[in-house]
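See below for the structure under consideration.
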Amino acid sequence: MLSINIRKIKIALILLFLVPVMKVGYLQLVKGKYFSKIAEEQQEKVLTIRGKRGDILDRWGRVLAMDRNVYSIYANPRIVRDKEKVARELECILGISYEEIMEKLCRNCYFVWLKRGITAKAVVESIKKFRGLGVKVERRRIYPQGELACHLLGAVDIDNNGIAGLELFYDEKLRGKSGYILTLGDGRNFYLAGFSTDAVPPRNGDTLILTIDQVIQHYAEQIAEKLYNKYQARRVSIIVMDPYNGEILALANRPGYDPNCITSEDIKYMKNFAISEMFEPGSVFKVIAAAALLDQGLVRLGDKIYCEHGIYKIGRRTLHDYHKYGWLDFRSVVVHSSNIGIAKFCSRIPDEVFYRYLKLFGIGEKTGIDLPGETSGILRGPENWTDYSKISVAIGQEVAVNTVHLAKMMSIIANGGFDVKPHVVREMKDAQGMRIWRFNYQPRRLLKYKTVVKLKQILQRVVEEGTGKWARSRVYTAGGKTGTAQKADPVNGGYAPGKYTATFAGFIPADNPRMVIVVTVDEPRGSHFGGTVCAPAFKELGERSLVYMNLTQERRVKNESERNFVWN
Numbered sequence: 003m004l005s006i007n008i009r010k011i012k013i014a015l016i017l018l019f020l021v022p023v024m025k026v027g028y029l030q031l032v033k034g035k036y037f038s039k040i041a042e043e044q045q046e047k048v049l050t051i052r053g054k055r056g057d058i059l060d061r062w063g064r065v066l067a068m069d070r071n072v073y074s075i076y077a078n079p080r081i082v083r084d085k086e087k088v089a090r091e092l093e094c095i096l097g098i099s100y101e102e103i104m105e106k107l108c109r110n111c112y113f114v115w116l117k118r119g120i121t122a123k124a125v126v127e128s129i130k131k132f133r134g135l136g137v138k139v140e141r142r143r144i145y146p147q148g149e150l151a152c153h154l155l156g157a158v159d160i161d162n163n164g165i166a167g168l169e170l171f172y173d174e175k176l177r178g179k180s181g182y183i184l185t186l187g188d189g190r191n192f193y194l195a196g197f198s199t200d201a202v203p204p205r206n207g208d209t210l211i212l213t214i215d216q217v218i219q220h221y222a223e224q225i226a227e228k229l230y231n232k233y234q235a236r237r238v239s240i241i242v243m244d245p246y247n248g249e250i251l252a253l254a255n256r257p258g259y260d261p262n263c264i265t266s267e268d269i270k271y272m273k274n275f276a277i278s279e280m281f282e283p284g285s286v287f288k289v290i291a292a293a294a295l296l297d298q299g300l301v302r303l304g305d306k307i308y309c310e311h312g313i314y315k316i317g318r319r320t321l322h323d324y325h326k327y328g329w330l331d332f333r334s335v336v337v338h339s340s341n342i343g344i345a346k347f348c349s350r351i352p353d354e355v356f357y358r359y360l361k362l363f364g365i366g367e368k369t370g371i372d373l374p375g376e377t378s379g380i381l382r383g384p385e386n387w388t389d390y391s392k393i394s395v396a397i398g399q400e401v402a403v404n405t406v407h408l409a410k411m412m413s414i415i416a417n418g419g420f421d422v423k424p425h426v427v428r429e430m431k432d433a434q435g436m437r438i439w440r441f442n443y444q445p446r447r448l449l450k451y452k453t454v455v456k457l458k459q460i461l462q463r464v465v466e467e468g469t470g471k472w473a474r475s476r477v478y479t480a481g482g483k484t485g486t487a488q489k490a491d492p493v494n495g496g497y498a499p500g501k502y503t504a505t506f507a508g509f510i511p512a513d514n515p516r517m518v519i520v521v522t523v524d525e526p527r528g529s530h531f532g533g534t535v536c537a538p539a540f541k542e543l544g545e546r547s548l549v550y551m552n553l554t555q556e557r558r559v560k561n562e563s564e565r566n567f568v569w570n
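Each number in the working numbering corresponds to the 1-based position in the sequence shown with 2 added.
Take a look at the structure:
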């Protein structure tokens, strides 16, 4: 009996030994590869390494946006001891509240950001004494010129992704391509230093070289700020453009913001009003009507029309002129901006032909400028026009444009009648400094040369003796056109009383234009005429820019001659 019990005990012990051995054998031999794979996946960690974001430079290589190394503080709440004491000390070091720090340190997780984007190395050094806290080196976007060109450059988010302006439009090019390091980690998802098994380096982003001249941009922003404050305006937009190649030399809006430190209040100012805000242009649009009439040979400069002493009824509609004119020739109708005169002359051109010229100038469609948020404007087809629509469009009503539309319109006149594409990026270079792209556009002729010659003469007289005389300068000759438009009332229909958009668009010098300048002021208080509000700003910006450009050209010629000088 005893021997039987001993035998049973032996069998039981053998089974107790064999079961775990068999289990281990099963796991190793049958499931070994499966569990080995799981273990590797748990231990191997992929650490993403982002490349340096490309710089943004002005046309002469001056830095407008760049990356800079910053430090971000994180914590593992599971291993931070004496949280209250740590939070009290960090409150002074990091400059954030005790309550906010405690809330993060009390989370049931292994990782939490405490503060990101710190530039002070002293703060980083003081963090090292705390158990469970760490520092990660990150990159932060810096805009050395502050608010300058903010609507062009745009901004990035906390992770350096573009959210506005060029930063958004060219985000993929600027970002480059992320790399990675394949390393080992512990069970708490922390990386183990010195255990890298594989790596792919990141590709740094491309550099953008803009058409912008930082100095002219600075002038434009100073003048925009002055207009904004003087007339307590809702918005101000200024564009300076090379009429021959479409390069934007300056684009300024007010109000603005500092992309280095965007607040919740700044978000509403991040829209680029010069390309996104539509408005009825008013009398500046008479330039297109005049171009169509001259190009079709439907008028001569000396043709006269009776302007009804300022009041003219067309069916149920009554047109008004600010001054009471009698007989005016075609040239004077444009110079003195007679609504009645241009309306009578436009009766000579068929609706479809006039519409075709509007489309030639790019009205009702996007210019294609390389910035996000551009609006196409509003232009209804002639099949949807009323009996009065052609007259309305000719004087800048029943149509909507943005400021860059007007810059393109005036450039077509200034450059001799050729199409032009506004743009702000001149070329791109890779991280090694090699050019990988340059803007190229083949213009086509839109207007006859003789049409442009006559129109430029008229627009020069607008500045010398007409509504644009406040743009007249002793430094240069200029051509241009004023615009004063009532704003539509979106609630009650019709036009809002006392609300106007003032505009001046012109080119300098008149005989050989080097730049087109458009100034738009939305809802100025006090004076509201394009000739009195915007023309003086055009004059100041034109004088300062032209003097600077001449000095810059002389300096470049001098430097070039010095480089080419050879000692014998």
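The beta-carbon is built from N, C-alpha and C at its ideal position, and this holds for glycine as well.
Boundaries (first-last residue) of the beta strand (DSSP E) holding residue i
i    : result
K315 : I313 to I316
V137 : L135 to I144
A276 : Run containing A276: none in the beta strand (DSSP E); it sits in the alpha helix (DSSP H), F275 to S278.
G482 : G481 to A490
I165 : G164 to A166
M320 : Correcting the residue type first, residue 320 is Thr in the shown sequence and not Met. From DSSP, the beta strand (DSSP E) with T320 extends over R319 to H322.
G119 : V114 to I120
Separation of residue j from residue i, as counted between CA atoms
i    : j    : result
D57  : G468 : 46 Å
M551 : T479 : 16 Å
Y112 : Y76  : 10 Å
W472 : E466 : 9 Å
L66  : K431 : 15 Å
D215 : M412 : 20 Å
G364 : V406 : 10 Å
E101 : N231 : 41 Å
K288 : I344 : 7 Å
E564 : R440 : In this prediction, E564 scores a pLDDT of 43, lower than 50, which makes its location untrustworthy; the coordinate-derived value is nonetheless stated afterwards. Taking the straight line from one Cα to the other gives about 28 Å.
V403 : S378 : 7 Å
L373 : R64  : 20 Å
E86  : P257 : 44 Å
I16  : I8   : 12 Å
D69  : L59  : 12 Å
N341 : G284 : 10 Å
L553 : K306 : 45 Å
Q462 : G304 : 16 Å
L229 : E267 : 22 Å
G533 : A507 : 10 Å
G383 : L360 : 10 Å
A166 : Y390 : 40 Å
P203 : S180 : 8 Å
Span of the alpha helix (DSSP H) around residue i
i    : result
I510 : First-last for I510: Y497 to I510, but that is the beta strand (DSSP E), not the alpha helix (DSSP H).
D69  : Premise fails: D69 lies in the beta strand (DSSP E), V65 to A77, not in any alpha helix (DSSP H).
K175 : D173 to R177
K85  : K85 to L96
L373 : That residue, L373, is in no alpha helix (DSSP H); it is neither H nor E in DSSP.
L295 : K288 to D297
R358 : D353 to L362
I342 : N341 to C348
V126 : K123 to I129
V217 : Q216 to K232
Y100 : Y100 to L107
I393 : S391 to A396
G56  : Where G56 is concerned, there is no enclosing alpha helix (DSSP H), given that its DSSP letter is neither H nor E.
V535 : G532 to V535
Cβ separation of residue i and residue j, assumed to be a contact under 8 Å, to the nearest whole Å
i    : j    : result
I277 : E376 : 4 Å
E169 : G156 : 4 Å
L154 : L253 : 5 Å
T505 : V521 : 7 Å
I240 : L543 : 7 Å
R447 : G419 : 6 Å
S394 : E400 : 4 Å
Opposing strand residues paired with residue i [DSSP bridges]
i    : result
I153 : Looking at the sequence shown, residue 153 is not Ile but His. Note: H153 sits in no beta bridge, so no partner.
E249 : H425
R256 : V238
Y308 : W329
D524 : R237 and T503
W62  : None; W62 has no bridge partner.
T209 : K431
I160 : Partner(s): none; I160 has no beta bridge.
V518 : M243 and F509
Any chance you could list the beta strand (DSSP E) runs of at least 3 consecutive residues sitting entirely within the stretch 399-471, in chain order?
427-431 and 437-440
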